[in-house]
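Colleague: Can you keep this structure in mind? I'll have questions shortly.
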Amino acid sequence: MAALMLALPAHAEEAARRAEFADLSIEELANIDVTSVSRRPERLQDAPASVYVITADDIRRSGARNLVEALNLAPNLQVARGSNANYFISARGMNGTSNSPANKLLVMIDGRSVYSPLFSGMFWDEPDVMLEDVERIEVISGPGGTLWGVNAVNGVINITTRHARDTQGDLLVLRADVDGAQAAFRHGGAMDSGHWRAYGKAFGLGHSELASGRAIDDDWTQGQVGWRGDWERGAERFSVNANAWRGREGQPAPGVIAAPGAGTGLDDIRLHGANVTGRWEHVLDGGGSVTAQAYYDYRYRKVPPTFTDAVGILDLQLQHALPAHGRHSMVWGGEYRTSRDRVDNSRFVAFLPARDTQTWASLFAQDEVALRDDLRATAGVRWERNPYTGTEFLPNVRLSWRATPMHAFWAAVSRTVRAPSRLDVDAYVPGAPPYLLAGGRGVRTETARVLELGYRGQAGQIVSYSVTAFRNLYDHLRTQDVTPAGQIVFGNLMAGQARGLEAWGNVQMTQAWRLSAGATLLHEQFALKPGSRDQGSLMTTGRDPACTAQLRSSHAIDAARELELAVRRNGALGLPNVPAYWAVDARFGWRFAPGMELSVIGTNLNGGHAEYGVASVRTEVPRTVGVKFTWER
């Protein structure tokens with residue numbers, strides 16, 4: 001009883017916060033601030049881009065157990081699972097293959113870029129957060145290169161965690177599913193002029209199975225600890241965020257690079273890392289700000305028997321958002337990034353040189369001009385220098401028109417690029433001469449010219465919706481071409497286009513019941529240029545689902561109980577051919593005592609299905625049922 005009384009004040013505050021957010025009207029949800037579109041806060045309703053916001057309440061109600069499962073909530077993303085720790089995630093197609101993973105999506109956690117400089121893509125088993133600490137996830141489908149740099153070709157995922165003052169007290173999370181378990185604990189406290197929190201989490205997943213029922217070696221265990229502090233002194237704001245993690249996972253396939261002879265008898269993948277981020281912001285008179293950020297990120301990955309990679313990344317950023325001056329609102333800044341990479345090569349694959357230091361430098365500026373009270377034009381450009389192709393320019397122009405207080409139209413034209421990575425330039429197979437694959441010393445940047453048209457509106461206080469049409473024109477896409485000497489080298493002799501439609505919306509059926517729906521349509525065409533006969537790359541590029549759709553129902557039964565239902569459909573994939581599938585998920589939550597909640601969560605309740613991979617080694621994403629207990633005071 002004493003414990004319940006101690007928990008009551010904090011529980012009442014948390015219950016009030018949940019109720020307040022759950023009861024936000026459609027109009028208030030449209031007024032959520034986002035920062036990913038213009039690098040300064042603006043209303044979601046006014047943002048001239050295709051952006052979907054996953055809120056903290058969305059994540060909690062969904063019952064997601066990790067970051068990747070939370071990303072399933074975004075209708076403008078394609079999320080596919082290859083095995084327990086191997087995911088393929090993209091926006092607007094180009095989701096890659098096991099040998100050529102997706103590399104046109106930028107992912108950030110509290111301003112720290114988490115993509116791998118080894119191949120310009122994501123190891124989705126590395127970025128992790130305590131989901132209960134996430135404030136929101138902003139998902140932009142479309143180019144973001146002007147403000148965020150190369151590799152933000154098809155989208156940006158910006159994960160923002162909560163201020164330390166919003167995570168005070170204790171939180172314990174325990175969860176058991178039929179295929180695994182996890183536990184997490186967080187404690188937050190106050191200090192002079194600020195607040196802090198510390199957390200630890202660990203999880204384990206068992207073996208997956210093939211469609212035949214045979215178990216494969218992809219069990220996964222991982223643990224992570226972290227600390228965050230936030231201070232405010234007058235116009236100054238400071239934040240420090242540090243994390244460390246270690247994991248082990250079974251290896252059903254040789255990893256990023258499939259080398260001949262490396263597919264049997266594979267040892268476990270070992271990985272660990274640590275990062276620290278410091279951020280300072282000075283709020284200027286008149287509404288502007290100056291922000292400086294620095295982070296160091298170390299990652300280690302051992303993928304036997306193919307390679308071991310250890311990389312340390314130092315990143316420095318400065319941004320100045322000028323106070324509004326007349327009709328102009330301008331932001332400019334710069335970034336310097338360096339990485340030191342060490343690869344332990346093998347007889348199967350080599351990165352030459354094995355040790356490499358790379359640097360990137362960039363400057364950007366963007367100006368928003370109010371042409372009229374209801375009409376805004378935005379123009380920006382980024383100059384970026386990378387170690388392989390030198391200087392790149394990434395411009396964009398956007399126009400937004402607020403036709404009425406509840407209806408807005410926007411259009412954008414952008415040019416963006418994906419810069420080469422070590423995989424494009426330095427990879428050799430096998431690891432010693434004679435080489436079958438001999439890197440790509442002449443490789444150049446992949447480019448995309450993008451046209452977007454969007455509309456975002458509301459029908460009274462009950463319905464909100466967003467629709468975007470787009471067309472991407474790609475050039476200089478990566479190919480594998482044969483030299484006169486018979487070696488394969490990476491080149492850029494493929495071009496193509498993607499066009500499609502994205503739409504999503506919300507309907508407030510009653511104060512306690514909301515429906516959310518979303519869908520995408522996508523059509524892709526690619527062709528080889530003269531000089532290339534790389535049918536393999538052509539056949540595996542653009543084999544993304546032509547249609548995806550989802551429908552979610554969020555119902556607060558009463559003050560203590562809530563029910564979440566979701567239906568997802570993913571269209572078929574081509575080469576490797578994966579059938580279309582439906583998935584039904586559900587969660588029932590019950591706050592049975594002050595500060596205590598019990599949830600029952602089911603995923604894929606209509607049965608298991610495959611999402612990615614060659615049929616002979618394709619894992620089934622199974623039906624799972626789990627129980628989650630949360631205690632907070």
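Heads up: the sequence shown begins at 1 in full-length UniProt numbering, then just goes up one per residue.
Ideal placement from N, C-alpha and C gives every residue a C-beta, glycine not left out.
1) Tyr115 to Met122, Cα distance in whole Å?
2) From Glu132, Pro127, Ala49, Ser141, pick the residue whose C-alpha is nearest to that of Leu77; which is it?
3) With distances taken Cα to Cα, identify the nearest neighbour of Arg347 among Pro305, Gly188, Ala164, Ala419.
4) Could you tell me whether the region 362 to 372 touches the region 332 to 348, using the rule of 3 or more Cβ pairs below 8 Å?
5) Helix, strand or coil for Arg355 per DSSP?
6) Evaluate contact between the region 178 to 187 and the region 202 to 210, counting only Cβ atoms and requiring at least three cross-stretch pairs below 8 Å.
7) Please state whether DSSP places Ala615 in a helix, a strand or coil.
8) Since Val107 contacts Ile157 with CB under 8 Å, what's their CB separation in whole angstroms?
9) Should the region 34 to 54 be regarded as contacting the region 506 to 517, the criterion being three or more beta carbon pairs within less than 8 Å?
10) So who's on the other strand from Val413, going by DSSP bridges?
11) To which residues of the same chain is Trp280 closer than 6 Å at the C-beta, ignoring the five residues directly before and after it?
12) Give me the Cα-Cα distance between Glu232 and Ser193, rounded to the nearest whole angstrom.
13) According to DSSP, Asp177 sits in a beta bridge with which residue or residues?
14) With H, G and I counted as helix, E and B as strand and the rest as coil, what does DSSP make of Ile140?
15) Using CA atoms only, rank isn't needed, just tell me which of Asp426, Pro430, Asp373, Trp383 is closest to Arg402.
16) Does DSSP classify Ser62 as helix, strand or coil?
17) Please report the straight-line C-alpha distance between Asp297 and Gly189, rounded to a whole angstrom.
18) Using the C-alpha atoms, what's the distance from Asp544 back to Tyr435?
19) Counting beta carbon pairs with one atom in the region 403 to 418 and one in the region 448 to 455, are three or more of them shorter than 8 Å?
20) What residue ranges within the region 269 to 305 form continuous beta strand (DSSP E) runs of no fewer than 3 residues, ordered along the chain?
21) Taking 9 Å as the threshold (C-beta atoms), are Gly169 and Ala91 in contact?
22) Distance check for Asp57 and Glu632, CA to CA, integer angstroms please.
23) To which residues does DSSP link Asn243 through a beta bridge?
24) Helix or strand or just coil, what does DSSP make of Arg17?
25) Rounded to whole angstroms, what is the Cα-Cα separation between Ser616 and Ala215?
26) Indicate the three-state DSSP secondary structure (helix, strand or coil) for Met94 in the structure shown.
27) Residue range of the beta strand (DSSP E) that Trp196 falls in?
28) DSSP puts Gln78 in a beta bridge; with which residues?
29) If I follow the unbroken beta strand (DSSP E) through Ala586, where does it start and stop?
30) Alpha carbons only, please: which of Gly431, Val463, Ser599, Ser38 is nearest the one belonging to Leu147?
31) Please tell me whether Arg591 and Ala559 are closer than 9 Å, where the distance is taken between their beta carbons.
32) Can you have a look at Gly442 and say buried or exposed, based on whether 16 or more other CB atoms are within 10 angstroms of its CB?
33) Going by C-alpha distance, which of Gly505, Leu316, Thr540 is nearest Gly574?
34) Could you have a look at Asp166 and say whether DSSP puts it in helix, strand or coil?
35) Excluding the 5 residues flanking Arg618 on each side, which residues of the same chain have their C-beta closer than 6 Å to its C-beta?
36) Distance check for Val463 and Gln508, CA to CA, integer angstroms please.
Modeller: Considering the structure as presented:
1) Taking the sequence shown and counting its residues from 1, the one referred to as residue 115 is at position 115. Taking the sequence shown and counting its residues from 1, the one referred to as residue 122 is at position 122. Each residue's Cα considered, the two are about 5 Å apart.
2) To locate residue 77, count along the sequence shown from 1; it is residue 77. When the alpha-carbon of Leu77 is set against those of Glu132, Pro127, Ala49, Ser141, the nearest one is in Ser141.
3) By one-based count along the sequence shown, residue 347 stands at place 347. Nearest of Pro305, Gly188, Ala164, Ala419 to Arg347, Cα basis: Pro305.
4) A contact exists between the region 362 to 372 and the region 332 to 348.
5) Residue numbering aside, residue 355 sits at position 355 when the sequence shown is read from its first letter. Three-state DSSP puts Arg355 in a strand.
6) Touching, yes, given that three or more Cβ pairs across the two stretches are closer than 8 Å.
7) Along the sequence shown, read from residue 1 onward, the residue named residue 615 stands at position 615. Looking at Ala615 - three-state DSSP - the assignment turns out to be helix.
8) Translated into positions along the sequence shown, residue 107 becomes position 107. Translated into positions along the sequence shown, residue 157 becomes position 157. Yes, Val107 and Ile157 are in contact; Cβ-Cβ is about 5 Å, under 8 Å.
9) No, the region 34 to 54 does not touch the region 506 to 517.
10) Position 413 of the sequence shown, counted from the first residue, corresponds to residue 413. DSSP lists Val397, Leu451 as the beta-bridge partner residues of Val413.
11) Within the sequence shown, numbered from 1, the residue matching residue 280 stands at position 280. Closer than 6 Å at Cβ, skipping near neighbours: Phe238, Ala292.
12) Taking the sequence shown and counting its residues from 1, the one referred to as residue 232 is at position 232. Taking the sequence shown and counting its residues from 1, the one referred to as residue 193 is at position 193. Spanning the alpha carbons of Glu232 and Ser193 requires a straight line of approximately 6 Å.
13) As a working mapping, residue 177 is identified with position 177 in the sequence shown. Gly180, Gly626, per the DSSP bridge assignment.
14) On the sequence shown, position 140 is the one that residue 140 refers to. Correct three-state label for Ile140: strand.
15) What you label residue 402 is simply residue 402 of the sequence shown in a count that begins at 1. Residue Asp373 is the option with its Cα nearest to Arg402.
16) Along the sequence shown, one-based indexing puts residue 62 at 62. If DSSP states are grouped into helix, strand and coil, Ser62 belongs with the helices.
17) One-based indexing of the sequence shown puts residue 297 at position 297. One-based indexing of the sequence shown puts residue 189 at position 189. Using only the alpha carbons, I get a separation of about 26 Å.
18) Here residue 435 is taken as the residue at index 435 of the sequence shown, counted from 1. Here residue 544 is taken as the residue at index 544 of the sequence shown, counted from 1. For Tyr435 and Asp544, the distance between alpha carbons rounds to 32 Å.
19) Taking a contact to require three or more Cβ pairs closer than 8 Å, the region 448 to 455 and the region 403 to 418 qualify as touching.
20) Listed in chain order, the complete beta strand (DSSP E) runs (minimum 3 residues) inside the region 269 to 305 are 269 to 283, 289 to 303.
21) Taking the sequence shown and counting its residues from 1, one reaches residue 91 at position 91. Taking the sequence shown and counting its residues from 1, one reaches residue 169 at position 169. Against a cut-off of 9 Å, the Cβ pair of Gly169 and Ala91 comes out as no contact.
22) Counting from one through the sequence shown, the residue named residue 632 turns up at place 632. Counting from one through the sequence shown, the residue named residue 57 turns up at place 57. Between the alpha carbons of Glu632 and Asp57 lies a gap of roughly 16 Å.
23) By 1-based counting over the sequence shown, the position of residue 243 is 243. Beta-bridge partners of Asn243 (DSSP): Gly226, Asn275.
24) Position 17 of the sequence shown, counted from the start, is the residue given in the question as residue 17. With a pLDDT of 42 at Arg17, under the threshold of 50, the modelled position of that residue is not reliable, and no figure is offered here.
25) Position 616 of the sequence shown, counting from 1, holds the residue named residue 616. Position 215 of the sequence shown, counting from 1, holds the residue named residue 215. Straight-line Cα distance between these residues: approximately 13 Å.
26) Translated into positions along the sequence shown, residue 94 becomes position 94. Met94 carries a coil assignment under DSSP once its states are collapsed to helix, strand and coil.
27) Taking the first residue of the sequence shown as position 1, residue 196 is located at position 196. Where Trp196 is concerned, the enclosing beta strand (DSSP E) stretches over 194 to 205.
28) Looking up residue 78 in the sequence shown gives position 78. Its beta-bridge partners are Ser90.
29) Residue numbering aside, residue 586 sits at position 586 when the sequence shown is read from its first letter. From DSSP, the beta strand (DSSP E) with Ala586 extends over 581 to 593.
30) The residue labelled residue 147 in the question sits at position 147 within the sequence shown. Considering only alpha carbons, the answer is Ser38.
31) Position 591 of the sequence shown, counting from 1, holds the residue named residue 591. Position 559 of the sequence shown, counting from 1, holds the residue named residue 559. Contact annotation: Arg591 and Ala559 have beta-carbon atoms nearer than 9 Å.
32) The residue labelled residue 442 in the question sits at position 442 within the sequence shown. With fewer than 16 Cβ atoms within 10 Å of its Cβ, Gly442 is classed as exposed.
33) For the purposes of this step, residue 574 is taken as the residue at position 574 of the sequence shown. Thr540 is the residue among Gly505, Leu316, Thr540 whose C-alpha sits nearest the C-alpha of Gly574.
34) For this step, residue 166 is matched to residue 166 along the sequence shown. In the structure shown, Asp166 sits in a helix (DSSP, three-state: H, G or I).
35) Position 618 of the sequence shown, counted from the start, is the residue given in the question as residue 618. Closer than 6 Å at the Cβ level, and outside the excluded window around Arg618, lie Ala610.
36) Counting from 1 along the sequence shown, the entry for residue 508 is found at position 508. Counting from 1 along the sequence shown, the entry for residue 463 is found at position 463. Going by the C-alpha atoms only, they are around 6 Å apart.
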